[in-house]
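Everything on this sheet refers to the single structure shown next.
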Amino acid sequence: MLFWAQYILVLPILFLTFMFTGFVGSQLIIGADKQHFIFTPQNATEYSQISEIDKLLFAFSIQPVVTIVFLLSIVYVLTLIVFQIIECKKEKKILHSLQYMVLIPVFLYLWLGIMQFSAVDLTWIDNW
């Protein structure tokens, strides 16, 4: 029960900080912000060529606290899942609860990937 309480508490934090970090990181623009490129080639011409790591580092440079909370919440969720695996193996239980713990973040990640949430899309809507 304690695992689920921690998991339910940290999952919204992970979701909100993921959304905010993704939004801030997606504001990295090709023309003006080439000095922020570390892993993206300097000759990149399209937004899709910008590395996700560069977007994360850019978000860290703009809002370091939110990005740190995002990374810590990822580590915390993964730690909860690992401890749940260890506990289930000790007690030789079926891993049904663990399956839900893994599927919920995967579903959210895929759902956000399908939506292609980014500040570029929102800017396009504002300028339309």
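Per the working numbering, the sequence shown starts with residue 24, numbered consecutively.
Built from N, CA and C at the ideal position, the CB exists for glycine as well.
Are three or more beta carbon pairs between the segment 79-91 and the segment 104-114 nearer than 8 angstroms?
no
Where does S74 sit, in a helix, a strand or coil, going by DSSP?
For S74, the secondary structure class from DSSP, reduced to helix, strand or coil, is coil.
Local Cβ density within 10 Å of I31, reported as buried at 16 or more and exposed below that:
So I31 ends up on the exposed side.
Distance, Cα to Cα, W27 vs L34?
Each residue's alpha carbon lies about 10 angstroms from the other.
Can you tell me where the alpha helix (DSSP H) with K113 in it begins and where it stops?
87-114
By Cβ distance, which residues of its chain are closer than 8 angstroms to I73, with the 5 residues on each side in sequence left out?
L51, I53, F60, T63, A67
Where the alpha helix (DSSP H) containing A28 begins and where it ends
25-48
CA-CA distance, K41 and E69?
It should be noted that the sequence gives Phe, not Lys, for residue 41. Going by the C-alpha atoms only, they are around 23 angstroms apart.
Looking only at its own chain, which residues have a Cβ that is under 6 angstroms from the Cβ of F43, when we skip the five neighbours before and after it?
V89
Where A67 falls: helix, strand or coil (DSSP):
coil
Rounded to a whole number of angstroms, what is the C-alpha to C-alpha distance between E75 and L39?
18 angstroms
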